[in-house]
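Asks:
Protein chains: 2
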Amino acid sequence: MYRPVILGTQPAERADATRNRLHLLATAREMLAEQGADRLTMDGLAERAGLGKGTVFRRFGTRAGIFQALLDDDEHNFQRQVLSGPPPLGPGATPLERLIAYGRARACFLIEHRDVARAALDGSQPIPIGGRTPMSQIHIRMLLGQVGLDGFDLDMLTVQLVAALDGPVLLYLSSDEFTDAVGELEQGMGRAWQKLVERVCRP
Amino acid sequence: MYRPVILGTQPAERADATRNRLHLLATAREMLAEQGADRLTMDGLAERAGLGKGTVFRRFGTRAGIFQALLDDDEHNFQRQVLSGPPPLGPGATPLERLIAYGRARACFLIEHRDVARAALDGSQPIPIGGRTPMSQIHIRMLLGQVGLDGFDLDMLTVQLVAALDGPVLLYLSSDEFTDAVGELEQGMGRAWQKLVERVCRP
DNA sequence: CACCTAAACGGACTTTACCCCGTTTCATCG
DNA sequence: CGATGAAACGGGGTAAAGTCCGTTTAGGTG
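Line order of the protein sequences matches chains A and B. 1 is the number of the first residue of the first sequence in our numbering; add one for each residue after it. 204 is the number of the first residue of the second sequence in our numbering; add one for each residue after it.
#1: Got a sec, what are the start and stop residues for the alpha helix (DSSP H) B/Arg323 sits in?
#2: Tell me where the alpha helix (DSSP H) around A/Pro134 begins and ends.
#3: Is it true that the CB of B/Gly391 sits closer than 9 angstroms to the CB of A/Asp153?
#4: Could you give the DSSP three-state label for B/Pro289: helix, strand or coil?
#5: Just to confirm the assignment: which complete alpha helix (DSSP H) runs, minimum length 4, are found wholly within the region 241-274 of chain B?
#6: Evaluate A/His139 with the Cβ neighbour count: other Cβ atoms within 10 Å of its Cβ, from every protein chain shown; 16 or more gives buried, anything less gives exposed.
#7: Between the beta-carbon of B/Gln363 and the beta-carbon of A/Trp193, is there less than 9 angstroms?
#8: Please state whether DSSP places A/Pro95 in a helix, a strand or coil.
#9: Residues in its own chain within less than 7 angstroms of A/Thr27 by CB, not counting five upstream and five downstream?
#10: Please report the distance separating the alpha-carbon of B/Leu243 from that of B/Ala218.
#11: For the region 59-71 of chain A against the region 106-122 of chain A, are there 3 or more C-beta pairs whose distance is under 8 angstroms?
#12: Please state if the CB of B/Leu346 and the CB of B/Tyr305 are separated by a distance shorter than 9 angstroms.
#13: Residues of chain B with CB under 9 angstroms from A/Pro204, in chain order?
#14: Determine the direct distance from the alpha carbon of A/Ala93 to that of A/Gly85, and round the result to whole angstroms.
#15: Using beta carbons (cut-off 9 angstroms, strictly below), is B/Val350 in contact with chain A?
#16: Using 9 angstroms as the threshold, is the C-beta distance between A/Glu186 and A/Arg104 below it?
#17: If we cut at 9 angstroms on Cβ distances, does B/Gly391 have a partner in chain A?
#18: Would a C-beta distance cut-off of 9 angstroms place B/Leu352 and B/Cys404 closer than the cut-off?
#19: Where A/Arg58 and A/His23 are concerned, what is the direct C-alpha to C-alpha distance, given to the nearest angstrom?
#20: If you run the structure through DSSP and keep just helix, strand and coil, what is A/Pro168?
#21: Taking 9 angstroms as the cut-off, decide whether the C-beta atoms of A/Val147 and A/Pro95 are in contact.
#22: Can you pull the chain B neighbours of A/Val200, defined as C-beta to C-beta under 8 angstroms?
#23: Are the CB atoms of B/Ala323 and B/Ala267 within a distance shorter than 9 angstroms?
#24: Taking B/Pro406 as the reference, which of B/Gly354, B/Val372, B/Tyr375, B/Asn280 has the closest Cα?
#25: Which of the three DSSP states, helix, strand or coil, is assigned to A/Gly36?
#26: Identify the continuous alpha helix (DSSP H) that holds B/Arg402 and give its terminal residues.
#27: By DSSP, does A/Arg80 sit in helix, in strand, or in coil?
#28: Counting only Cβ pairs nearer than 7 angstroms, list the residues of chain B close to A/Phe152.
#29: Is it buried or exposed, A/Pro168, if we count other Cβ atoms within 10 angstroms and call 16 or more buried?
#30: What residue from B/Val385, B/Gly348, B/Asp325 has the CA that sits closest to B/Asp241's CA?
#31: Would a check of beta-carbon distances place B/Leu374 closer than 9 angstroms to chain A?
#32: On a Cα-Cα basis, can you pick out the residue from A/Ile111, A/Leu170, A/Leu165 that is closest to A/Val197?
#33: If you compare alpha carbons, which of B/His279, B/Arg344, B/Glu387, B/Phe270 is closest to B/Glu233?
#34: With a threshold of 16 other CB atoms inside 10 Å of the CB of B/Lys256, please say whether the residue is buried or exposed.
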């Protein structure tokens, strides 16, 4: 029997699966808006969506998986801006300018979506820095390559910079105090990121 | 009724509490060595230690708290080295040299104690970077102050550097592959840290 | 030494993430 | 179409973290 196997293509999601996935995400957003992230339980979500618990877990694997899916969803816009939007975030500016712009934009993005971002962290799978968001990793790595630094282990430097970018944000996410003065915080982080990157990339 | 209130001094731990705390830590280390961190449950620990579950939770608050306590314990030696050991880790070298030495030493420390360090992370209380280990925070902040950098927000830079230091280690902790080649990894991280700090601090 | 209070103790109870597996539904192929 | 295998579904079951509150005990006071 002939079966056309296309490498790297997994079997394609079934129609009912897609429908349920989208419905669950929508329901999750509703509950998130109404009750906040920590009041969202898997049982509750399943019941409200009119589906079985097992279904929820098959779709998202884990509780954090739901929030990761929501975050991925939000991230699509952001990715478009980065990959094909106007400079300095998109192509057209110098690598250093894009690096600076990227850090600022990502900090803003995470702060805006802090509720979801925070809930997307998972203790039992502790890769908070760059493992779950390969986008930052890949993009920063590419830009660093274009900068043309000598004598650096660029992969390691990438991990360091991603961490330096996410670290302050995570620290912020973890304290429930700063609910005001968000704009100011974004500015501070942006400035700090710019300074750091300029120093590192200085010839 | 007169009560001598000494500010900043909490009521002092009761003798039985101390005894139980130490006994629990010792038992936890045994179980850790025998079964690994993820097979260590609160019920199991309580039973093996011959104590009630409530006691375990009063002492450590949370599961991660146990591992944090174990890590704190391990950290005492390290702290002594940093605060009063020989240069370049201890006092006597230039701030930049100490900064470099500190990063190397901390990376080695975390890698050595990776089992406990990993289990000490807590998803529901996500402050993985510098919040739970104010030691790095404080020490690096102090050294940066001594370096004499102009135009930096030193507090923010501290958070960035702590993250850049911990990030690669956390990333490493999360992948169960590299169980070999530990020495090599420590070297790579050490070199990368040195390069980063030298660049940032360069006049 | 008897008393008293605040802290510590124990373990049943609750909550919730996650697993399992018998049942149902989709999509493909003859 | 109808058959068929694979995938999805449902929801009861399990394990483990964390809470509660009635009971016990350490250690200071008169």
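All C-beta atoms, glycine included, are put in the ideal place defined by N, C-alpha and C. Values in this document were obtained by computation on a predicted structure and should not be read as measured data.
Replies: Looking at the atomic coordinates:
#1: Taking the first residue of the second sequence as 1, we reach residue 323 of chain B at position 120. Note on identity: in this sequence residue 323 of chain B is Ala, with Arg being the wrong assignment. Taken as a continuous stretch (DSSP letters only), the alpha helix (DSSP H) holding B/Ala323 covers 317-323.
#2: Sequence index remark: in the first sequence, residue 134 of chain A carries index 134 (1-based). Element bounds for A/Pro134: 134-147.
#3: As a position in the first sequence, residue 153 of chain A is number 153, starting the count at 1. As a position in the second sequence, residue 391 of chain B is number 188, starting the count at 1. Against a cut-off of 9 angstroms, the Cβ pair of B/Gly391 and A/Asp153 comes out as a contact.
#4: Position 86 of the second sequence, counted from the start, is the residue given in the question as residue 289 of chain B. Coil at B/Pro289, not helix or strand.
#5: 245-252, 256-263
#6: Taking the first sequence and counting its residues from 1, the one referred to as residue 139 of chain A is at position 139. So A/His139 ends up on the buried side.
#7: On the second sequence, residue 363 of chain B is found 160 positions in, with the first residue counted as 1. On the first sequence, residue 193 of chain A is found 193 positions in, with the first residue counted as 1. Closer than 9 angstroms, so yes.
#8: Numbered from its first residue, the first sequence carries residue 95 of chain A at position 95. Helix.
#9: Mapped onto the first sequence, residue 27 of chain A falls at position 27. Hits under 7 angstroms: Leu45, Arg48, Ala49.
#10: Within the second sequence, numbered from 1, the residue matching residue 243 of chain B stands at position 40. Within the second sequence, numbered from 1, the residue matching residue 218 of chain B stands at position 15. Cα to Cα, B/Leu243 sits roughly 26 angstroms from B/Ala218.
#11: yes
#12: For the purposes of this step, residue 305 of chain B is taken as residue 102 along the second sequence, with counting starting at 1. For the purposes of this step, residue 346 of chain B is taken as residue 143 along the second sequence, with counting starting at 1. Result yes, Cβ atoms of B/Tyr305 and B/Leu346 sit closer than 9 angstroms.
#13: Residue coverage of chain A in this structure runs from 1 to 203, which leaves residue 204 of chain A outside it and unanswerable.
#14: Position 85 of the first sequence, counting from 1, holds the residue named residue 85 of chain A. Position 93 of the first sequence, counting from 1, holds the residue named residue 93 of chain A. Each residue's alpha carbon lies about 11 angstroms from the other.
#15: Locating residue 350 of chain B in the second sequence gives position 147, counting from the first residue. With 9 angstroms as the cut-off, B/Val350 does not count as an interface residue toward chain A.
#16: Along the first sequence, one-based indexing puts residue 186 of chain A at 186. Along the first sequence, one-based indexing puts residue 104 of chain A at 104. Yes. Within cutoff.
#17: Counting from one through the second sequence, the residue named residue 391 of chain B turns up at place 188. With 9 angstroms as the cut-off, B/Gly391 counts as an interface residue toward chain A.
#18: Stepping through the second sequence from its first residue, residue 352 of chain B is reached at position 149. Stepping through the second sequence from its first residue, residue 404 of chain B is reached at position 201. Their beta carbons are under 9 angstroms apart, which means B/Leu352 touches B/Cys404 by this criterion.
#19: To locate residue 58 of chain A, count along the first sequence from 1; it is residue 58. To locate residue 23 of chain A, count along the first sequence from 1; it is residue 23. Near 14 angstroms, if we compare the C-alpha coordinates of A/His23 and A/Arg58.
#20: Along the first sequence, read from residue 1 onward, the residue named residue 168 of chain A stands at position 168. DSSP places A/Pro168 in helix when its eight states are reduced to three.
#21: Position 147 of the first sequence, counting from 1, holds the residue named residue 147 of chain A. Position 95 of the first sequence, counting from 1, holds the residue named residue 95 of chain A. Cβ distance < 9 angstroms, so A/Val147 and A/Pro95 count as in contact.
#22: Taking the first residue of the first sequence as position 1, residue 200 of chain A is located at position 200. Going along chain B in sequence order, the residues near A/Val200 (Cβ under 8 angstroms) are Leu399, Arg402, Val403.
#23: One-based indexing of the second sequence puts residue 267 of chain B at position 64. One-based indexing of the second sequence puts residue 323 of chain B at position 120. Contact: yes.
#24: As a working note, residue 406 of chain B is residue 203 in the second sequence. Closest by alpha carbon: B/Gly354.
#25: Start at 1 with the first residue of the first sequence, and residue 36 of chain A comes out as number 36. Coil, per DSSP.
#26: Taking the first residue of the second sequence as position 1, residue 402 of chain B is located at position 199. Looking at the DSSP string, the run of the alpha helix (DSSP H) that includes B/Arg402 is 385-404.
#27: Counting from 1 along the first sequence, the entry for residue 80 of chain A is found at position 80. In the structure shown, A/Arg80 sits in a helix (DSSP, three-state: H, G or I).
#28: Locating residue 152 of chain A in the first sequence gives position 152, counting from the first residue. Those are Lys398, listed as they occur along chain B.
#29: Locating residue 168 of chain A in the first sequence gives position 168, counting from the first residue. It is buried - the Cβ of A/Pro168 has at least 16 other Cβ atoms within 10 Å.
#30: Along the second sequence, one-based indexing puts residue 241 of chain B at 38. Nearest of B/Val385, B/Gly348, B/Asp325 to B/Asp241, Cα basis: B/Asp325.
#31: The residue labelled residue 374 of chain B in the question sits at position 171 within the second sequence. Yes, B/Leu374 counts as interfacial toward chain A.
#32: As a working note, residue 197 of chain A is residue 197 in the first sequence. When each option's Cα is compared against that of A/Val197, the closest is A/Leu165.
#33: Residue 233 of chain B sits at position 30 when you count from the first residue of the second sequence. Considering only alpha carbons, the answer is B/Phe270.
#34: Mapped onto the second sequence, residue 256 of chain B falls at position 53. Exposed, because fewer than 16 other Cβ atoms sit within 10 Å of the Cβ of B/Lys256.
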